[in-house]
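Shown next, in C-alpha coordinates, is the structure this report addresses.
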Amino acid sequence: MRVKQDPVGDPEGDHPAHPELDHVLDEARAHGDEPPTLEKLARSAHFSPFHLSRRLREHLGFPLRDFLAALRVERGIEELVEGHDVIRAQTEAGHESASSFTRSFARHTGLAPSRYRDQLRFLAAYLARHMDSTDPLIALYRGFPDDVHPQEHPLTLRVDGAQPGTAVFIALNSRLILRGAPELGVALLGTAEYAVDQIPDGTYYAMVVEVPRSAGMRAYFQMDRNRRQLRREPITFPLAEPLEVVLELRDLLPTDPPITPNLPKLFFEGVLSSVTAEDRNSGQAPGAAGS
0 MRVKQDPVGD PEGDHPAHPE LDHVLDEARA HGDEPPTLEK LARSAHFSPF HLSRRLREHL
60 GFPLRDFLAA LRVERGIEEL VEGHDVIRAQ TEAGHESASS FTRSFARHTG LAPSRYRDQL
120 RFLAAYLARH MDSTDPLIAL YRGFPDDVHP QEHPLTLRVD GAQPGTAVFI ALNSRLILRG
180 APELGVALLG TAEYAVDQIP DGTYYAMVVE VPRSAGMRAY FQMDRNRRQL RREPITFPLA
240 EPLEVVLELR DLLPTDPPIT PNLPKLFFEG VLSSVTAEDR NSGQAPGAAG S
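For the sequence shown, counting from 1, position 223 maps to 222 in numbering that gives the first Met the number 0; every step adds exactly one.
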(Lines of atoms letter the chains of each structure in order from A; the text may use other names.)
(Lines give C-alpha, C1' and ligand atoms only; values in the text may rest on other atoms or scores of the structure.)
Protein backbone atom coordinates (compact mmCIF):
# COMPACT_ATOMS: atom_id res chain seq x y z
CA MET A 0 0.00 0.00 0.00
CA ARG A 1 1.38 3.40 -0.99
CA VAL A 2 0.33 6.72 0.55
CA LYS A 3 1.63 10.05 -0.69
CA GLN A 4 1.71 12.86 1.83
CA ASP A 5 -0.17 15.93 0.66
CA PRO A 6 2.35 18.81 0.46
CA VAL A 7 0.24 20.92 2.78
CA GLY A 8 0.47 18.30 5.49
CA ASP A 9 -2.35 15.74 5.38
CA PRO A 10 -2.55 12.59 3.26
CA GLU A 11 -6.19 13.27 2.48
CA GLY A 12 -6.00 17.06 2.71
CA ASP A 13 -8.68 17.02 5.43
CA HIS A 14 -6.97 19.02 8.17
CA PRO A 15 -9.55 21.79 8.71
CA ALA A 16 -8.54 25.35 7.81
CA HIS A 17 -8.82 27.91 10.58
CA PRO A 18 -7.09 31.09 9.34
CA GLU A 19 -7.86 32.94 12.58
CA LEU A 20 -5.97 30.29 14.56
CA ASP A 21 -3.14 30.18 12.05
CA HIS A 22 -2.81 33.94 12.51
CA VAL A 23 -2.40 33.42 16.27
CA LEU A 24 0.33 30.84 15.67
CA ASP A 25 2.09 33.14 13.21
CA GLU A 26 1.93 35.90 15.81
CA ALA A 27 3.44 33.57 18.41
CA ARG A 28 6.36 32.82 16.09
CA ALA A 29 6.91 36.50 15.28
CA HIS A 30 7.00 37.45 18.92
CA GLY A 31 9.88 39.91 18.59
CA ASP A 32 11.67 40.79 21.81
CA GLU A 33 9.10 39.37 24.20
CA PRO A 34 8.24 35.65 24.30
CA PRO A 35 4.51 35.06 23.77
CA THR A 36 2.17 33.90 26.50
CA LEU A 37 -1.32 32.44 26.31
CA GLU A 38 -2.76 35.57 27.91
CA LYS A 39 -1.14 37.92 25.37
CA LEU A 40 -2.19 35.80 22.42
CA ALA A 41 -5.75 35.54 23.76
CA ARG A 42 -6.05 39.31 24.15
CA SER A 43 -4.75 39.86 20.62
CA ALA A 44 -7.19 37.29 19.19
CA HIS A 45 -10.13 38.51 21.30
CA PHE A 46 -10.63 35.09 22.90
CA SER A 47 -10.60 34.06 26.50
CA PRO A 48 -7.41 32.16 27.42
CA PHE A 49 -9.45 29.01 28.11
CA HIS A 50 -11.28 29.17 24.77
CA LEU A 51 -8.11 29.89 22.77
CA SER A 52 -6.20 27.11 24.53
CA ARG A 53 -8.95 24.58 23.81
CA ARG A 54 -9.32 25.57 20.15
CA LEU A 55 -5.58 25.56 19.53
CA ARG A 56 -5.19 22.15 21.14
CA GLU A 57 -7.77 20.82 18.67
CA HIS A 58 -6.07 22.67 15.78
CA LEU A 59 -2.51 21.65 16.63
CA GLY A 60 -3.12 18.16 17.97
CA PHE A 61 -1.17 18.93 21.15
CA PRO A 62 -1.34 21.55 23.93
CA LEU A 63 -0.49 25.18 23.17
CA ARG A 64 1.80 25.22 26.22
CA ASP A 65 4.03 22.65 24.47
CA PHE A 66 4.11 24.80 21.34
CA LEU A 67 5.07 27.91 23.33
CA ALA A 68 7.69 26.04 25.39
CA ALA A 69 9.30 24.78 22.18
CA LEU A 70 9.29 28.31 20.74
CA ARG A 71 11.16 29.53 23.80
CA VAL A 72 13.78 26.82 23.41
CA GLU A 73 14.04 27.68 19.72
CA ARG A 74 14.73 31.31 20.71
CA GLY A 75 17.42 30.15 23.13
CA ILE A 76 19.03 28.05 20.40
CA GLU A 77 19.06 31.10 18.13
CA GLU A 78 21.00 33.12 20.69
CA LEU A 79 23.56 30.36 21.27
CA VAL A 80 24.09 29.79 17.54
CA GLU A 81 24.70 33.52 17.11
CA GLY A 82 27.50 33.27 19.66
CA HIS A 83 25.83 34.80 22.70
CA ASP A 84 26.27 33.47 26.21
CA VAL A 85 23.84 31.30 28.14
CA ILE A 86 22.55 34.14 30.31
CA ARG A 87 21.46 36.10 27.25
CA ALA A 88 19.91 32.95 25.75
CA GLN A 89 17.95 32.43 28.98
CA THR A 90 16.74 36.03 29.03
CA GLU A 91 15.73 36.10 25.36
CA ALA A 92 13.91 32.80 25.80
CA GLY A 93 11.79 34.37 28.53
CA HIS A 94 13.02 32.34 31.51
CA GLU A 95 13.53 34.20 34.77
CA SER A 96 15.23 31.21 36.38
CA ALA A 97 18.46 29.67 35.10
CA SER A 98 17.39 26.27 36.43
CA SER A 99 14.03 26.32 34.62
CA PHE A 100 15.74 27.34 31.38
CA THR A 101 18.32 24.56 31.72
CA ARG A 102 15.64 21.94 32.43
CA SER A 103 13.46 22.99 29.51
CA PHE A 104 16.39 23.35 27.13
CA ALA A 105 17.85 19.95 28.02
CA ARG A 106 14.43 18.29 27.77
CA HIS A 107 14.09 19.53 24.19
CA THR A 108 17.66 19.30 22.88
CA GLY A 109 19.29 16.58 24.98
CA LEU A 110 21.97 18.96 26.28
CA ALA A 111 22.28 21.70 28.87
CA PRO A 112 22.68 25.13 27.22
CA SER A 113 26.37 25.45 28.12
CA ARG A 114 27.23 22.03 26.63
CA TYR A 115 25.08 22.77 23.58
CA ARG A 116 27.04 25.97 22.97
CA ASP A 117 30.40 24.24 23.50
CA GLN A 118 29.61 21.49 20.97
CA LEU A 119 28.10 23.64 18.19
CA ARG A 120 31.16 23.91 15.97
CA PHE A 121 32.26 20.31 16.36
CA LEU A 122 28.82 18.86 15.60
CA ALA A 123 28.22 21.21 12.64
CA ALA A 124 31.62 20.35 11.15
CA TYR A 125 31.04 16.62 11.69
CA LEU A 126 27.72 16.70 9.83
CA ALA A 127 29.07 18.94 7.06
CA ARG A 128 32.04 16.63 6.50
CA HIS A 129 29.72 13.67 5.95
CA MET A 130 27.45 15.74 3.70
CA ASP A 131 30.46 16.48 1.48
CA SER A 132 31.02 12.76 0.90
CA THR A 133 29.67 11.22 -2.30
CA ASP A 134 28.91 7.92 -0.55
CA PRO A 135 25.30 7.40 0.56
CA LEU A 136 24.90 7.13 4.31
CA ILE A 137 22.08 6.15 6.65
CA ALA A 138 22.53 6.87 10.36
CA LEU A 139 19.99 5.53 12.85
CA TYR A 140 19.09 6.80 16.29
CA ARG A 141 16.98 4.40 18.34
CA GLY A 142 15.26 5.65 21.45
CA PHE A 143 14.35 2.11 22.47
CA PRO A 144 16.50 -0.75 23.81
CA ASP A 145 18.76 -2.64 21.45
CA ASP A 146 16.50 -5.70 21.72
CA VAL A 147 15.26 -6.79 18.33
CA HIS A 148 11.71 -5.61 17.53
CA PRO A 149 11.07 -7.23 14.13
CA GLN A 150 8.03 -6.23 12.10
CA GLU A 151 6.49 -8.71 9.68
CA HIS A 152 5.37 -5.91 7.36
CA PRO A 153 7.84 -3.05 6.81
CA LEU A 154 7.10 0.65 6.57
CA THR A 155 8.97 2.29 3.69
CA LEU A 156 9.48 6.02 4.11
CA ARG A 157 10.45 8.00 1.02
CA VAL A 158 11.23 11.71 0.88
CA ASP A 159 10.34 13.69 -2.25
CA GLY A 160 11.78 17.06 -3.21
CA ALA A 161 15.11 17.04 -1.36
CA GLN A 162 17.78 19.19 -2.97
CA PRO A 163 21.08 17.53 -4.04
CA GLY A 164 23.71 17.62 -1.33
CA THR A 165 21.27 18.05 1.55
CA ALA A 166 20.63 15.77 4.50
CA VAL A 167 17.13 14.71 5.45
CA PHE A 168 16.20 13.71 8.98
CA ILE A 169 13.17 11.45 9.42
CA ALA A 170 11.57 10.81 12.79
CA LEU A 171 8.96 8.37 13.99
CA ASN A 172 7.62 9.74 17.24
CA SER A 173 4.73 8.88 19.54
CA ARG A 174 3.67 12.56 19.71
CA LEU A 175 3.10 15.18 17.02
CA ILE A 176 5.61 17.49 18.69
CA LEU A 177 9.17 16.35 19.23
CA ARG A 178 10.57 16.96 22.69
CA GLY A 179 14.02 15.49 22.90
CA ALA A 180 15.01 12.52 20.78
CA PRO A 181 12.38 10.61 18.76
CA GLU A 182 11.65 6.94 19.22
CA LEU A 183 13.35 6.36 15.86
CA GLY A 184 15.48 8.89 14.00
CA VAL A 185 16.89 8.30 10.52
CA ALA A 186 19.42 10.58 8.83
CA LEU A 187 19.67 10.10 5.07
CA LEU A 188 22.61 11.46 3.06
CA GLY A 189 22.72 10.69 -0.65
CA THR A 190 19.53 8.64 -0.48
CA ALA A 191 15.87 9.40 0.14
CA GLU A 192 14.34 6.12 1.28
CA TYR A 193 14.41 3.91 4.35
CA ALA A 194 12.49 0.75 5.26
CA VAL A 195 11.51 0.44 8.92
CA ASP A 196 11.44 -3.26 9.80
CA GLN A 197 12.44 -3.05 13.47
CA ILE A 198 10.50 -0.90 15.92
CA PRO A 199 8.40 -1.63 19.02
CA ASP A 200 4.68 -2.05 18.42
CA GLY A 201 2.80 1.18 18.94
CA THR A 202 1.48 4.31 17.25
CA TYR A 203 3.82 6.84 15.65
CA TYR A 204 3.78 10.04 13.61
CA ALA A 205 6.18 10.43 10.69
CA MET A 206 7.98 13.71 10.13
CA VAL A 207 10.96 14.88 8.10
CA VAL A 208 13.11 18.00 7.85
CA GLU A 209 15.70 18.93 5.23
CA VAL A 210 19.08 20.29 6.35
CA PRO A 211 21.02 22.05 3.58
CA ARG A 212 24.81 22.18 3.36
CA SER A 213 25.79 25.55 4.75
CA ALA A 214 28.91 27.56 5.55
CA GLY A 215 27.26 28.77 8.74
CA MET A 216 25.71 26.86 11.61
CA ARG A 217 22.17 28.21 11.57
CA ALA A 218 20.66 25.68 9.16
CA TYR A 219 22.06 22.79 11.20
CA PHE A 220 20.50 23.79 14.52
CA GLN A 221 17.63 26.20 13.79
CA MET A 222 14.94 24.51 11.76
CA ASP A 223 12.45 27.39 11.46
CA ARG A 224 13.49 28.10 7.85
CA ASN A 225 14.07 24.50 6.78
CA ARG A 226 11.63 22.61 4.58
CA ARG A 227 9.79 19.80 6.26
CA GLN A 228 6.75 17.54 6.31
CA LEU A 229 4.56 16.21 9.10
CA ARG A 230 2.15 13.32 8.63
CA ARG A 231 -0.74 13.89 10.99
CA GLU A 232 -2.31 10.52 10.30
CA PRO A 233 -0.75 8.09 12.80
CA ILE A 234 0.97 4.87 11.76
CA THR A 235 0.34 1.88 14.01
CA PHE A 236 2.62 -1.15 14.24
CA PRO A 237 2.21 -3.98 13.60
CA LEU A 238 1.04 -3.11 10.10
CA ALA A 239 -1.62 -5.23 8.41
CA GLU A 240 0.40 -5.11 5.17
CA PRO A 241 3.55 -3.44 3.85
CA LEU A 242 3.12 0.32 3.69
CA GLU A 243 4.95 3.00 1.72
CA VAL A 244 4.61 6.62 2.82
CA VAL A 245 5.93 9.42 0.61
CA LEU A 246 6.78 12.61 2.49
CA GLU A 247 6.92 15.61 0.16
CA LEU A 248 9.02 18.47 1.50
CA ARG A 249 7.37 21.89 1.75
CA ASP A 250 7.78 25.17 3.62
CA LEU A 251 6.77 25.80 7.22
CA LEU A 252 3.06 25.87 8.05
CA PRO A 253 1.61 27.73 11.04
CA THR A 254 0.56 24.45 12.69
CA ASP A 255 4.01 22.88 12.40
CA PRO A 256 5.57 22.41 15.83
CA PRO A 257 9.05 23.88 16.35
CA ILE A 258 11.82 21.35 15.75
CA THR A 259 14.15 21.62 18.74
CA PRO A 260 16.13 18.34 18.96
CA ASN A 261 19.85 18.68 18.30
CA LEU A 262 19.91 16.88 14.94
CA PRO A 263 23.71 16.99 14.42
CA LYS A 264 24.10 15.38 17.86
CA LEU A 265 21.63 12.61 16.99
CA PHE A 266 23.48 12.12 13.69
CA PHE A 267 26.81 11.85 15.49
CA GLU A 268 25.41 9.31 17.95
CA GLY A 269 23.80 7.35 15.12
CA VAL A 270 27.05 7.11 13.16
CA LEU A 271 29.00 6.24 16.30
CA SER A 272 26.58 3.48 17.28
CA SER A 273 26.72 1.93 13.80
CA VAL A 274 30.53 1.95 13.87
CA THR A 275 30.51 0.41 17.35
CA ALA A 276 28.10 -2.31 16.18
CA GLU A 277 30.32 -3.09 13.19
CA ASP A 278 33.38 -3.34 15.43
CA ARG A 279 31.49 -5.59 17.83
CA ASN A 280 30.32 -7.84 15.01
CA SER A 281 33.87 -8.08 13.65
CA GLY A 282 35.27 -8.99 17.07
CA GLN A 283 37.26 -5.76 17.42
CA ALA A 284 37.15 -3.20 20.14
CA PRO A 285 35.89 0.20 18.94
CA GLY A 286 38.73 2.10 17.31
CA ALA A 287 40.96 -1.00 17.04
CA ALA A 288 40.95 -1.08 13.26
CA GLY A 289 44.28 -0.10 11.82
CA SER A 290 46.07 -0.21 15.17
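The beta-carbon is built from N, C-alpha and C at its ideal position, and this holds for glycine as well.
If you're wondering where the values come from, they're calculated on a predicted model, not measured in any experiment.
Exposure of residue i, with buried meaning 16 or more beta-carbon neighbours within 10 Å
i: Met0; result: exposed
i: Pro256; result: buried
i: Ala29; result: exposed
i: Gln221; result: buried
i: Pro233; result: exposed
i: Arg230; result: buried
i: Ala97; result: exposed
i: His22; result: exposed
i: Glu78; result: buried
i: Val147; result: exposed
i: Thr133; result: exposed
i: Ile86; result: exposed
i: Thr190; result: exposed
Residue i versus the options, residue with shortest Cα-Cα distance
i: Ser103; options: Leu122, Arg74, Thr254; result: Arg74
i: Lys264; options: Val85, Leu24, Thr133, Ala127; result: Ala127
i: Glu91; options: Gly109, Ala68, Leu110; result: Ala68
i: Ser173; options: Leu154, Tyr204, Tyr193, Arg157; result: Tyr204
i: Pro112; options: Phe49, Thr101, Asp131, Glu192; result: Thr101
i: Met130; options: Arg212, Ile76, Pro62; result: Arg212
i: Leu154; options: Ala239, Arg224, Ala138, Ala124; result: Ala239
Under 8 Å between C-beta atoms of residue i and residue j
i: Thr259; j: Val210; result: no
i: Leu183; j: Val167; result: no
i: Asp250; j: Arg226; result: yes
i: Leu246; j: Asp145; result: no
i: Pro237; j: Gln162; result: no
i: His17; j: His45; result: no
i: Tyr140; j: Glu268; result: yes
i: Pro181; j: Leu171; result: yes
i: Tyr193; j: Ile169; result: yes
i: Leu248; j: Gln228; result: yes
i: Leu119; j: Val80; result: yes
i: Gly179; j: Arg106; result: yes
Simplified DSSP state of residue i, which is helix, strand or coil
i: Gly109; result: coil
i: Asp146; result: coil
i: Asp21; result: helix
i: Arg54; result: helix
i: Gly269; result: helix
i: Arg141; result: strand
i: Met216; result: coil
i: Ile76; result: helix
i: Gln89; result: helix
i: Arg1; result: strand
i: Glu26; result: helix
i: Tyr61; result: Here residue 61 is Phe; the residue named in the question, Tyr, does not match the sequence. Coil at Phe61, not helix or strand.
i: Pro263; result: helix
i: Arg174; result: coil
i: Thr165; result: coil
Residue i Cβ short of 7 Å to the ligand GDP heavy atom set
i: Thr155; result: The ligand GDP is absent from the structure shown, which contains no ligand whatsoever.
TODO: Tell me the start and end of each unbroken beta strand (DSSP E) in the segment 176 to 241 that is at least 3 residues and wholly inside, in chain order.
DONE: 183 to 188, 192 to 197, 201 to 210, 227 to 229, 234 to 236
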